[in-house]
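Enquirer: In the numbering used here, the protein residues as written are 1 to 133.
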Amino acid sequence: MKSKYVIDAGALALYFAGDRRVKKYFDEILRGISEGYLCEINLAEFYYKTAEKLGIDAADIRYEAIRASPINQIPVEGELTREAAKVKLKLRDKVSLADAFLVALTYRVRGIALTTDPVIKDVLKNKCKYFEI
């Protein structure tokens, strides 16, 4: 059975920065050994943060690379929206709406979140790979 990784914006930023701690997980996804999942709202967060720091051109290049990758890109719709809203309701100000979708998607696919957020680490516990920045 393949491992399933749910990717947050911070983990994507580390990957594109060449961080070795996340490289093995992305390599597994890109080679088809593991499955990768990315919620559209987390992709939007990655895009705007990249554009803020590196400019629109850099954000566009990374965005297109993700779109062309084997990472499963999950729309913000249907039951996932309700599940994320329930996570946000429960955790309130502890998580952003984007992080609520990350948590909900992690539960839904029974995966492991790849995150740089210590709050997500505390919420998901052993269902999370935390990368300190």
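All C-beta atoms in this analysis are idealised placements derived from N, C-alpha and C, irrespective of residue type, glycine included.
Please classify Y48: is it buried, with 16 or more other beta-carbons within 10 angstroms of its beta-carbon, or exposed?
Expert: Numbered from 1 along the sequence shown, position 48 holds the residue referred to as residue 48. Classification for Y48: exposed.
Enquirer: In three-state terms, what does DSSP make of T115?
Expert: The residue you call residue 115 lines up with position 115 of the sequence shown. Looking at T115 - three-state DSSP - the assignment turns out to be strand.
Enquirer: If you drop the 5 nearest sequence neighbours on each side, which residues of the same chain put their C-beta closer than 6 Å to that of F148?
Expert: Missing from the structure shown is residue 148; the chain here goes from 1 to 133 and no further.
Enquirer: Spell out a yes or no on whether the segment 114–133 and the segment 10–21 are touching, meaning 3 or more CB-CB pairs, one atom from each, closer than 8 Å.
Expert: As far as the Cβ criterion goes, the segment 114–133 touches the segment 10–21, which means the pair count is three or higher.
Enquirer: In chain order, which continuous runs of the alpha helix (DSSP H) of length 4 or greater are located wholly inside the segment 21–103?
Expert: 40–54, 56–67 and 78–91, all fully within the segment 21–103.
Enquirer: In angstroms with no decimal places, state the Cα-to-Cα distance between D57 and G18.
Expert: Taking the sequence shown and counting its residues from 1, the one referred to as residue 57 is at position 57. Taking the sequence shown and counting its residues from 1, the one referred to as residue 18 is at position 18. Those two C-alpha atoms are separated by around 18 Å.
Enquirer: Can you check which of these residues, Y15, S96 and L43, is closest to L30 by C-alpha distance?
Expert: Sequence index remark: in the sequence shown, residue 30 carries index 30 (1-based). Among Y15, S96 and L43, the Cα nearest to that of L30 is on Y15.
Enquirer: Could you tell me the alpha carbon to alpha carbon distance between V22 and N126, rounded to whole angstroms?
Expert: As a position in the sequence shown, residue 22 is number 22, starting the count at 1. As a position in the sequence shown, residue 126 is number 126, starting the count at 1. Approximately 17 Å, taken between the alpha carbons.
Enquirer: With a threshold of 16 other CB atoms inside 10 Å of the CB of L114, please say whether the residue is buried or exposed.
Expert: As a working note, residue 114 is residue 114 in the sequence shown. L114 is buried by the Cβ-count criterion.
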